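So in the working numbering, spot 557 of the sequence shown is number 557, and the numbers just go up one at a time. All C-beta atoms in this analysis are idealised placements derived from N, C-alpha and C, irrespective of residue type, glycine included. Because the structure is a prediction, the values reported are computed rather than measured. Okay, so here's the structure we're looking at.
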Amino acid sequence: MQAAAMMERRPEEVGEILVKVQEDLRQLRDRLVHQVGHGEGQYAEVIDLKALENAIERTEVGVKGRTHDVLRMINNRVQTLPAVDFTGATPQPRYPEMAPYEQYDPRLGGQSQLIIRPPKRVDSRLLARRPVAQLTQLTKGLQGGGPLTEAPGQMTKMDMSMKAVVNPENTQNRQVMSDSYGIQLPLINKRETKQPSPSKLMRGTTVDHLAVLPRANRVDPQIPPPPIADRDARKGILSLMERGLIPPAAELTLDPSPVKHRVAPLHDPAEMFQPKKADGRFNLAQVKLDVSSNKSLDSMDTKKPEKTPQTADSRITKTPLQVKTFEAQLQPLPPPTTPASTVNFKRSGHRFAIQNGGIRDEAPDFVAFRQHYVLSWGSIITALEHLLRLLRDFAVPLAFINGDKLADLALEFELEKAPTKENLLSVIVNRDDVEAILRRPGRRFLGPDGEHVAAAKIQAMWKRYTARSSYVSYRQRKWAAGVIAISWIMNIKMAKIRKQLKETRLYELDSYRRRRKVFSDSWDKIKQSRRTIIHIPSLGYSQAVRDSIKDFGIKQNTQMSRLCDLRDPQVDVIYVSPVEMSEEMLQYYSKLLGLRPAVESGAVEDQSDMQDRYKIVVPEAFDKFPSHSMCLATHLKYSPQALQRIRNLIKGKEAYIVPGVMHKDDLAVSQILDVPILGSEPEVGHLYTTKSGSKRIFASAKVDTPPGEYDIYSLQQLHESLALLVTENLNVRRWLFKLDDEYMGRGIAYCDVVEHLNCYKWAIKEQHRYGEKWSKKWAHEPALIKIQAEIPDILDQFGVPANRKRFPTWDKFLEAFLSQGGIVEACPPSESVTTLSADMLIEPTGKIRMVANGDQIKAEGPFVSWGLSVPQSSVEPQVLNECCMRIGESCRTRGVLGYFSVDFVTFIDPKTMEQVLWATDLNLSYGDSTGMRELMLYVTSGTFDAENCVIQAPPLPKKEKKDGRRRRGEEEEQPPTPLPRYAVMSTQLLHSNLTVIHYSVFFQMCRAHGIGFDIKEKQGTVFTLLDSFRREHIGMLTVGESLQGALATFARNMSVIHQEISAPNMQGETNFKAAITDIEGILGTTIQNVEREQQEVEAQEEEEEKQQQQGLGGT
């Protein structure tokens, strides 16, 4: 009861009251229980134990309730810590569990006292299990003593509450602050880090990892480096360079500079020999350290020198390294405190030695290196193992390693593949010595496992050798078998294809022969009926010749005048063009062909549209084979659309093909279209078009030819043939060499043998000495031997190709001559030589007739025909006709059909002074001159008289009188006389400046200078357009009343065109000038011939007059 009253009076001592009441009640209960148990027989009174226990229980309940009220009152107080400058403050413990808290103490007169919590090692569960007395003593010991303390449970609860209050990371902190003090703290979601238990030892670093250069920058140095944070900058420049944040080769500028310049003091030389007095202090900045010493400098760091005035002074003294430390901006290291730390700071790097493939772990250098790079030691030890293995395998006795480079290498290859040998050698200081050891032959076999490595190497090399030999042999056999198999398969396939092609060619040839027979039987009917002529101006030369022709498509298109076959009203024309036709060209030919009615009537307004009678077809295969140099017949063969169009145009009509130079594909086109060809078989045409083949035709026709030899295929045969020809014809000064398979004078060379023959004079004397017997073979032998000995050197030195573009040197020409064969013939022994051509036609019925003839104009060389003057006026027409008919008959007997042309040369023999006509060349094809003759007859509406070599144009019809009646006395008028006409034509005009103007501008220019054609007079100039894109090539025809007028008009036209399209500094590539020069020479010769004829006529008239006078006098 007293305890209860004391509790009411002094609520602050509730702890002591509770303990005392609990003790009294416990003793009373024990005593009563003891008395009851031992006094059953002695005491008669009965004690009501139940009521006593109830009273004690009520007391305990009341005390407990009061205790809770007191504790709640105490806990609701806001506790504050003393100020920082409070002298009696207890230092803050390391752990939050040791944080101090304020507790009420009645002994201090109502003041609070600062209580320090027990350390964490005091377990509250042990306190709860101890007796109350022990708990009281323990609590008093912790609080510094006191009569009253809290109950153990309340003490524990209060302790846990205070822990939650002072530890913000505690999960109960927010709840306790709200329940006890009414403070609502914000909710912070933060993961709770588990504190390691004191009983378990944890290993690891206690500092955060420093930032290093990212891996992307290490792989690609071109990537901009990351910015340096302030935290990294405070670590110093050396740390930044070691971590790669600053490149090793970067130029650093310290502002202000750590190096201070000052005047160096000059000392007296006598002081050098005076002993220095020790002042008791030392400065290791002036001591030169022996780095190679076995003593580790790191051991100096563990010794802490006593703080003496001397050491203090030594710290104040600044060394050069210390000045750098203080004054550098990015150097956060503190000033050194001991000489040992100064020495460590001055070390430039970590180096250690590897001796015989091993490292001493206790070596100070290695220990210092390991301690410095302890954070990345895992990757370093991996790289170090690779380095040790390399040095051990090659038995390197000693190698010095740069630890810093090794750390960089380990960092670089940490997550990548193993470092290479070159990478490992880069960290070795004495790299040259180590590389010299590694390069020694057999050094790899001196390592620990050298014998096994050597044995494995020998086995591997032997196995490699045997396997390689077997593999190479297998590959060779396999390759040979593959080559044989492929060759055999290709041979079989090629043989099969050849057989099929041969059968196809034979079938096409048989079809050609059958159609030719039918064609010959119905030729007369076809000529009198409506027919369609398919013109295919193809040049079916050999592939080598086609490849060498520049602008091959334009060369095939020089016969655009074939369209003029429309002059026969029964003929329709289909022209297959080898080039694309522009709109300007189509319009020009439409107008040109529409002049036919106007020419016949003499009225310009009578022009008509002829487009329904002719069609121009361009094969589409030109786009598929742009650079194959295929002839037009081949392109047409592989152009199904063009063939189908032609088939539709000739459907139900009589038609036949007029080819150019025959090719095998002409037979294929004929087979596809099922129409005959007015031409020879390809093999026949190629055989007799060659120079040697033409010689056979001329020999069979028995016409005069130049002295020569054909079918020459060897050099010895060439020398022998030439020596024999020179011996037999000593009067021939120049000899010509012609290739068999060439055209238009491209394959000709010449040599003036007589001028360079040393025995020529002697041979002439021998010829005079033998006289008429010189024609005998036995008389030639002495001269032949000497001439044959000189021929090889003469040809090598003085042989000249006529076409330098085709054959630059004699050796090139001789190589081609011997490869395809050729002929040797004499050049006419005269200074005045005229070349003429005759165009012939062998009809399917076998009839032979001359189509045209003319004298050739030379512009590009003495052996190249550039144009013609029609008709020819160099040879008597009867002589020319007789020779041409003989040649035509010889060709007909050999199966030649269609158009062909013969070239002749004529000159005055210096011995007999008679005119000589030699047949020199034969072309079994439709010539350019034949097409130009058709154009001439088309625009003049004339006819060609082959027997007399005359072209006649019909006179203009006279206008009839209006009354139309004729008087009786008038006599009938005589029929008008035909007008003679002469023409000059060429399809080889070339001028590169024509490219810069269009055809419309060109014709305006010609019209301005009076270049045109007069329909009434049937004379003037007509052009043939050959190319629609480059426009460099054109053809021109001039018609006049006389040969001199036609030649003069032709020369004037070329001169005007050249002057109009050329400038002094832009002459361009042209053959106009050479043609004008040759025409002027022909004009001079023509004028002389006319004057001579006039003189002969006058002389003849004078003789006739004299004879008449003599006859009159006699009578």
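- Please confirm if the stretch 665-679 is in contact with the stretch 783-793, defined as three or more CB-CB distances below 8 Å between the two stretches. The count of Cβ pairs closer than 8 Å, one atom from the stretch 665-679 and one from the stretch 783-793, stays below three, leaving the stretches out of contact.
- Query: Is DSSP giving Glu-815 helix, strand or coil here?
  - Reply: DSSP places Glu-815 in helix when its eight states are reduced to three.
- Item | Neighbour-count burial assignment, Gly-1164, 16 or more Cβ in a 10 Å radius | The question about residue 1164 has no answer, for the chain in this structure spans 1 to 1115.
- Query: So the alpha helix (DSSP H) His-1033 belongs to, where does it begin and stop?
  - Reply: No alpha helix (DSSP H) holds His-1033; the beta strand (DSSP E) holding it covers 1033-1040.
- Task: Kindly indicate the opening and closing residues of the alpha helix (DSSP H) around Gln-767.
- Result: Its alpha helix (DSSP H) spans residues 760-770.
- Message: Distance check for Val-61 and Lys-20, CA to CA, integer angstroms please.
- Response: Taking the straight line joining both Cα atoms gives about 15 Å.
- Entirely enclosed alpha helix (DSSP H) segments - the stretch 408-460, minimum 4 residues: Under the rule that a run must span 4 or more residues, the alpha helix (DSSP H) segments found entirely inside the stretch 408-460 read 421-425 and 431-438.
- Nearest residue (CA-CA) to Val-669, options Ile-401, Pro-707 and Leu-509: Nearest of Ile-401, Pro-707 and Leu-509 to Val-669, Cα basis: Leu-509.
- Work out the CA separation of Thr-690 and Leu-924 for me, nearest whole Å. If you take the alpha carbons of Leu-924 and Thr-690, they lie about 10 Å apart.
- Message: For Leu-254, tell me which candidate among Glu-860, Thr-634 and Gly-236 has the shortest Cα-Cα distance.
- Response: The candidate whose alpha carbon is nearest that of Leu-254 is Gly-236.
- Item | Stretch pair the stretch 701-708 + the stretch 572-581: three plus CB contacts closer than 8 Å | No, they do not touch.
- The alpha helix (DSSP H) enclosing Arg-351, as first and last residue numbers: No alpha helix (DSSP H) holds Arg-351; the beta strand (DSSP E) holding it covers 351-355.
- Starting from the C-beta of Pro-682, find all residues in its chain whose C-beta is less than 8 Å away, skip the five residues before and the five after it, and write them out in chain order. If you ignore the 5 residues before and after Pro-682, its C-beta comes within less than 8 Å of the C-beta of Gly-540, Met-662, His-663, Lys-664, Asp-666 and Leu-667, all in its own chain and listed in chain order.
- Task: Measure the alpha-carbon distance for Phe-1002 versus Ile-650 and round it to whole angstroms.
- Result: Just so you know, the alpha carbons of Phe-1002 and Ile-650 end up roughly 36 Å apart.
- Query: Between which two residues does the beta strand (DSSP E) carrying Tyr-638 extend?
  - Reply: Tyr-638 -> no beta strand (DSSP E), and no H or E assigned at all.
- Message: If we require 4 or more residues per run, which alpha helix (DSSP H) segments fall completely within the stretch 555-620?
- Response: Taken in chain order, the unbroken stretches of alpha helix (DSSP H) that lie wholly in the stretch 555-620 and span 4 residues or more are 583-593 and 596-601.
- Message: Quick check on Asn-731: buried or exposed, where buried means 16 or more other Cβ atoms within 10 Å of its Cβ?
- Response: The residue in question, Asn-731, is exposed, as its Cβ has fewer than 16 Cβ neighbours within 10 Å.
- Message: So for Trp-735, helix, strand or coil by DSSP?
- Response: DSSP places Trp-735 in strand when its eight states are reduced to three.
- Hey, how far is the Cα of Leu-724 from the Cα of Glu-914? Within the model, the alpha-carbon separation for Leu-724 versus Glu-914 is close to 26 Å.
- Message: Just to confirm my understanding: we take Thr-845, look at its own chain, exclude 5 residues before and 5 after, and list those with CB closer than 8 Å. What are they?
- Response: When the five nearest sequence neighbours on each side are left out, the beta carbons in the same chain lying within less than 8 Å of the beta carbon of Thr-845 are those of Ser-520, Trp-523 and Asp-524, in order along the chain.
- Query: Can you name the start and end residues of the alpha helix (DSSP H) that Arg-174 belongs to?
  - Reply: Element bounds for Arg-174: 173-181.
- Return the CA-CA distance between Leu-922 and Glu-882, expressed in angstroms with no decimal places. Rounded to whole angstroms, the gap between the alpha carbons of Leu-922 and Glu-882 is 16 Å.
- Task: Assuming Thr-1116 and Glu-654 form a contact by the criterion Cβ under 8 Å, report the distance between their Cβ atoms to the nearest whole angstrom.
- Result: With the chain represented from 1 up to 1115, any question about residue 1116 goes unanswered, as that position is not in the structure.
- Query: Can you tell which of Gly-594, Pro-862 and Asp-839 has its C-alpha closest to the C-alpha of Val-870?
  - Reply: Of the listed residues, the one whose Cα sits closest to Val-870 is Asp-839.
- Task: Give the straight-line distance between the Cα atoms of Leu-238 and Ala-383, rounded to the nearest whole angstrom.
- Result: One C-alpha to the other measures close to 23 Å.
- Message: Taking DSSP's pairing of strands, which residues face Met-1126 in a bridge?
- Response: Coverage of the chain is limited to positions 1 through 1115, which leaves residue 1126 absent and any answer about it impossible.
- Item | N-terminal and C-terminal residue of the beta strand (DSSP E) that Gly-1197 is part of | With the chain covering only 1 through 1115, there is no way to say anything about residue 1197.
- Buried or exposed (CB count within 10 angstroms, at least 16 for buried), Gln-1110: Exposed, since its Cβ has fewer than 16 Cβ neighbours within 10 Å.
- Please classify Cys-949: does DSSP put it in a helix, a strand, or coil? Assignment of Cys-949 by DSSP, reduced to helix, strand and coil, places it in the coil class.
- Which of helix, strand or coil DSSP assigns to Met-744: In this structure, DSSP gives Met-744 a state outside helix and strand, which the three-state scheme calls coil.
- So, using beta-carbon positions, are Ile-823 and Ile-712 closer together than 9 Å? Cβ atoms of Ile-823 and Ile-712: closer than 9 Å.
- Are the Cβ atoms of Ile-1057 and Met-985 separated by less than 9 Å? With a cutoff of 9 Å on beta-carbon distance, Ile-1057 and Met-985 are scored as not near each other.
- Less than 8 Å between the CB atoms is what I'm expecting for Ile-536 and Pro-659, so what's the real figure, rounded? Their Cβ separation, rounded to whole angstroms, is 5 Å, which keeps Ile-536 and Pro-659 in contact under 8 Å.
- Query: Is the beta carbon of Gly-602 sitting closer than 9 Å to the one on Ile-1015?
  - Reply: Yes. Within cutoff.
- Task: For the beta strand (DSSP E) holding Pro-537, just list the boundary residues, first then last.
- Result: That run of the beta strand (DSSP E) goes 531-539.
- Residues that Pro-801 bridges to, as DSSP identifies them: BP columns for Pro-801 point to Ala-749.
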